[in-house]
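Residue numbering for the sequence shown is 81 to 518, as defined by our numbering. A short write-up of the structure that comes next.
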Amino acid sequence: MRISVFGIGYVGVVSCGCLAELGHEVVGVDVSPAKIAMLRSGRSPIVEEAIDTLIAGAVQQGRLTATGDVAAAVHGTEVSFISVGTPSAADGSVALGYVEGVIKQIGAAIRSKTGAHTVVMRSTVPPGTAEDRIIPLLEDASGRRLGDGVSYYSNPEFLREGSSVRDFRAPPFTLIGAPAGDDAAILREIYAAIDAPVHVAPIRVAESVKHISNVFHAVKLTFANEVGAILAAHGVDAREALRLLCEDRVLNISPAYLRPGFAFGGSCLPKDVRSFLSLADQKNLSAPMLKNLLPANTAIIDRTFQAVARHGRQPVALFGLAFKQGTDDLRESPFVLLAEKLLGKGYDLRIYDRFVQVATLMGSNRAYIDQEIPHLERLMVVSPEAALSGTKVAVIGHVAPEDRPALMAALKDHTVIDLAGIADLRAHPGITYEGLCW
Ligand SMILES: NC(=O)c1ccc[n+]([C@@H]2O[C@H](COP(=O)([O-])OP(=O)(O)OC[C@H]3O[C@@H](n4cnc5c(N)ncnc54)[C@H](O)[C@@H]3O)[C@@H](O)[C@H]2O)c1
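Quick look at the structure:
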């Protein structure tokens with residue numbers, strides 16, 4: 081494949097060298113004459129492990145060159161990779177000036193090209209950028225419609241500076257954002273020699289995965305630093321504690337707890353977050369991220385309440401009261417807090433939870449009900465049908481598998497606010513479906 085790489089900074093130079101190594105014919109394009117001259121002469125404009133020999137070898141073998149001539153680069157290649165910078169604007173949003181500038185130039189060059197051309201966005205851009213800004217700009221500049229002589233894919237780059245050549249050669253996966261029904265054959269072909277799974281997703285999803293990956297890394301680093309400081313202040317070998325935490329690949333380093341859903345609760349998480357924060361307070365340590373966990377959790381309950389309130393003061397059916405499905409534990413259940421909030425605001429509420437049978441509750445659960453929502457017994461109903469009868473809004477916290485058929489059958493023209501992410505609900509005919517965090 082003949083590929084032009086626009087922007088020969090960190091991502092672009094590594095792409096140039098590695099794509100040439102895969103056997104492609106590559107031309108690097110930049111606005112900097114100095115970078116063009118360096119690359120042309122077989123020298124890397126960036127400092128990176130293994131990059132010097134990679135670039136020198138590719139140029140020597142005639143598989144890599146560089147130019148400032150956009151039209152020549154577009155006319156002489158089938159695919160253009162874009163890896164120009166996307167720095168922060170003054171207000172914190174991303175500045176898309178370089179990306180838009182390069183799209184206009186590539187589009188104008190496509191206009192005077194006879195064959196088809198493919199544009200691949202490797203720069204990090206926020207979700208929606210392609211559909212809202214880039215594709216219309218590309219269509220405008222090229223005079224072609226997407227799929228009719230011009231194609232566009234999002235293909236975020238996940239390499240890390242310092243190990244970027246290794247990361248390019250062995251990525252965790254290849255992620256391609258493609259228009260619906262397009263399996264991105266051209267990109268699959270370009271990466272055919274890379275041994276990594278290929279995921280094709282809607283463009284907005286692909287754009288967002290790169291974005292949230294970096295946010296996630298920032299969350300992990302800050303978590304490690306904040307808990308590390310607190311543990312160290314209490315005489316704990318924090319590196320050893322975190323090393324062992326990572327040994328748990330079932331609950332800790334895993335997809336567990338990483339699905340958008342509802343607030344956390346129960347007898348452990350809120351209590352243990354509070355007690356860990358008190359360890360920080362004892363040593364006068366600031367831990368801004370950890371200290372915002374409980375307020376952030378409360379905000380999710382408030383968001384759910386607002387989602388219900390948007391539909392007016394209608395009778396509400398709440399499915400699920402225990403903090404999660406399959407238990408009768410009501411301690412610090414976020415569903416109890418939600419129920420309390422709805423009650424406090426005067427909503428007519430029916431609650432159904434197969435595992436919370438009021439008559440048989442005792443001990444701490446009984447005490448919790450008496451303290452938090454003493455009117456619970458009056459609100460609890462015994463079946464999904466009874467919960468939904470006379471209501472227009474259903475909040476689905478959790479539903480036992482045995483209750484799903486009855487729930488589905490009893491839903492008619494309800495507005496369903498799904499806190500559990502139940503796939504069947506979304507497809508249910510006749511209802512108005514709302515996810516909370518999706
Ligand atoms: N640096 C990383 O580790 C890394 C990793 C993954 C993704 N990214 C993302 O990749 C993108 C590029 O990052 P980078 O660090 O390589 O940027 P960089 O600043 O090192 O390089 C950008 C290059 O684009 C060139 N450029 C600007 N306008 C141009 C135009 N119209 N035509 C041709 N070239 C032009 C600049 O001269 C510069 O050489 C960013 O969106 C970044 O967020 C970076």
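No residue lacks a Cβ here, since even glycine has one placed at the ideal position from N, Cα and C.
My assumption, with CB atoms under 8 Å, is that residue i sits in contact with residue j. Please give the rounded CB distance.
i    : j    : result
G162 : V93  : Going by the sequence as given, residue 162 is Ile instead of Gly. Their Cβ separation, rounded to whole angstroms, is 14 Å, which puts I162 and V93 out of contact at 8 Å.
I256 : A264 : 5 Å
V205 : V179 : 6 Å
I283 : E211 : 6 Å
V285 : T254 : Incorrect: roughly 14 Å between the Cβ atoms, too far for contact.
G148 : V109 : 7 Å
S95  : R202 : 7 Å
A321 : V330 : With a Cβ gap of about 18 Å, A321 and V330 do not count as contacting.
K290 : P340 : Not really, about 18 Å apart at Cβ, beyond 8 Å.
D433 : A402 : 6 Å
E269 : M81  : 7 Å
V150 : A196 : With a Cβ gap of about 17 Å, V150 and A196 do not count as contacting.
A139 : F86  : Before going on, a small fix: residue 139 reads as Val here, not Ala. Actually they do not touch by this definition, with Cβ atoms about 18 Å apart.
Would you list the one or two residues that DSSP bridges to residue i?
i    : result
I256 : V280
R191 : According to DSSP, which records beta bridges pairwise, R191 is partnered with nothing at all.
A474 : A397, V496
E287 : According to DSSP, E287 bridges with nothing at all.
L226 : V230
Y513 : V496
E105 : R82
V299 : V299 pairs with nothing; no bridge assigned.
V200 : F161, Y233
Please report the distance separating the alpha-carbon of residue i from that of residue j.
i    : j    : result
L357 : N372 : 10 Å
E105 : A313 : 56 Å
V154 : A130 : 28 Å
G308 : N332 : 16 Å
Y427 : G470 : 13 Å
R246 : S444 : 55 Å
L226 : I215 : 8 Å
H297 : I497 : 31 Å
K351 : S413 : 12 Å
S243 : A188 : 36 Å
P375 : V353 : 12 Å
G89  : T145 : 15 Å
M369 : C517 : 20 Å
R436 : K300 : The question names Arg, but residue 436 in the sequence shown is Val. If I take the Cα positions, the gap works out to 36 Å.
L338 : L349 : 15 Å
R383 : A117 : 55 Å
I83  : D228 : 20 Å
L505 : R484 : 10 Å
A318 : V295 : 23 Å
L119 : E158 : 21 Å
L417 : I502 : 22 Å
Return the chain-ordered list of same chain residues with a C-beta closer than 7 Å to the C-beta of residue i, the five sequence neighbours on each side being excluded.
i    : result
V174 : T166, S168, V205, P206
I449 : L410, L441, L456
H508 : M488, L491
N377 : A343, F344
E420 : E452, I453
L459 : L429, R430, I431
K115 : I88, P125
T407 : F435
L325 : N332
E101 : L134, A138
R240 : D247
A486 : S463, P464, E465
Excluding five sequence neighbours on each side, which residues of the same chain lie with their C-beta closer than 8 Å to the C-beta of residue i?
i    : result
L422 : F385, V388, V396, L398, L429
G103 : R143, A273
H391 : K472, V473, T495
P252 : F238, A276
D132 : R123, S124
S366 : A360
G510 : L491, K492, D493
A480 : Q405, G406, R434, F435
Might you give, ordered along the chain, the residues of its own chain that have their beta carbon closer than 6 Å to the beta carbon of residue i, omitting 5 neighbours on each side?
i    : result
S288 : P207
G477 : F399, G400, F415, L499
R191 : S222, G223
I183 : I214, L217, L218
L99  : I83, V106
V461 : R430, Y432, A467
N364 : none
Entirely within the segment 314 to 379 and at least 4 residues each: give me those alpha helix (DSSP H) ranges in chain order. Runs of the alpha helix (DSSP H) inside the segment 314 to 379: 318 to 327, 349 to 362, 368 to 371.
Mind pulling the beta strand (DSSP E) runs of 3 or more residues that sit fully within the segment 399 to 459? 429 to 432
Going along the chain, which unbroken runs of the alpha helix (DSSP H) with 4 or more residues stay wholly within the segment 133 to 182? 150 to 155
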